[in-house]
Structure formats: structure tokens, C-alpha cells
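Trainee: For reference, the structure I am asking about is given below.
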Amino acid sequence: PKHYQDIKLDESKIMPNHIHAIIIVHNFVETGHAPSLQIKKRHSLGNIVGSFKSASSNVLHKINPNFSWQPRFYDHIIRNEKSLFKIREYIRKNHLNWDIDEENPKNIKKT
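The numbering used here puts the sequence shown at residues -6 to 104.
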């Protein structure tokens, strides 16, 4: 939101291996495909996520030089309040499942 005045960061949670976030976009043009969502016809959702990844990578590489983001991101257009509340609840509680997550390093079986 500091860099893009037409967005608001809603619910978010940093997980050990990924991030969940709801980005509220104002003044957009929907073209039928979420990655082509245009904010003021200048910035796509992909540009916003890419900018975040780039800026945070500078900090993360100081902690772990081998850090890398996955090349893409999952997006979903939230179209109603019921869906918004359900997704917010998922984000709030998802971290409780980390102990049993198959991607948690302690749960990866060695072959």
C-alpha cells in the first residue's frame, strides 16, 4: 500500500514457506483473467506481487543467500462478503496446520 495507493492489504499471514494475503484493489479494470487485472491501467496484480518479491528478496538474501521465490503466485478474485470472510478465516487459522503440513521439513520422509 505504500507503493500503490489504489491497493489495501487486508488479512495476511507469513508462513514458513509461503505467504497468504488478501489484496484489495480499488479502481481496476477486470479483463476476465485475474493476472491481467489492471490497476489504473498501469500496474497489474503480477507487477504488484513481483515488486513485493523483488524488494523482499533483497532482505531475504542477506539472511539466506540461497532463498528463491517460486516463479508464480496463486490468485483468486473474491466476489462477495461470504467468500471474503471464509478466506480471512482460512488465513487466520492456516498456520495451525504447519506441524502436519507435508512441506514442513520435519515431515518430509527420507528415502
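Think of the CB as a built atom: it goes at the ideal place given N, C-alpha and C, for glycine as much as any other residue.
Remember, it's a predicted structure, so these values are computed and weren't measured experimentally.
Since Ile12 and Leu2 should fall inside the 8 Å C-beta cutoff, what is the C-beta to C-beta distance between them, to a whole number of angstroms?
Mentor: Within the sequence shown, the letter at position 19 stands for residue 12. Within the sequence shown, the letter at position 9 stands for residue 2. Wrong, their Cβ atoms sit about 11 Å apart, outside the cutoff.
Trainee: Given a threshold of 16 other Cβ atoms within 10 Å of its Cβ, counted over all protein chains shown, does Ile32 qualify as buried or as exposed?
Mentor: Within the sequence shown, numbered from 1, the residue matching residue 32 stands at position 39. Here the model assigns Ile32 a pLDDT of 49, short of 50, so the residue's position is not dependable and the matter cannot be decided.
Trainee: So what's Ser61 in DSSP terms, helix, strand or just coil?
Mentor: Locating residue 61 in the sequence shown gives position 68, where the first residue counts as 1. Note: Ser61 maps to coil in three-state DSSP.
Trainee: If you reduce the DSSP assignment to three classes, tell me which class Asp92 lands in.
Mentor: Counted from its first residue, the sequence shown places residue 92 at position 99. Of the three classes helix, strand and coil, the one that applies to Asp92 here is helix, per DSSP.
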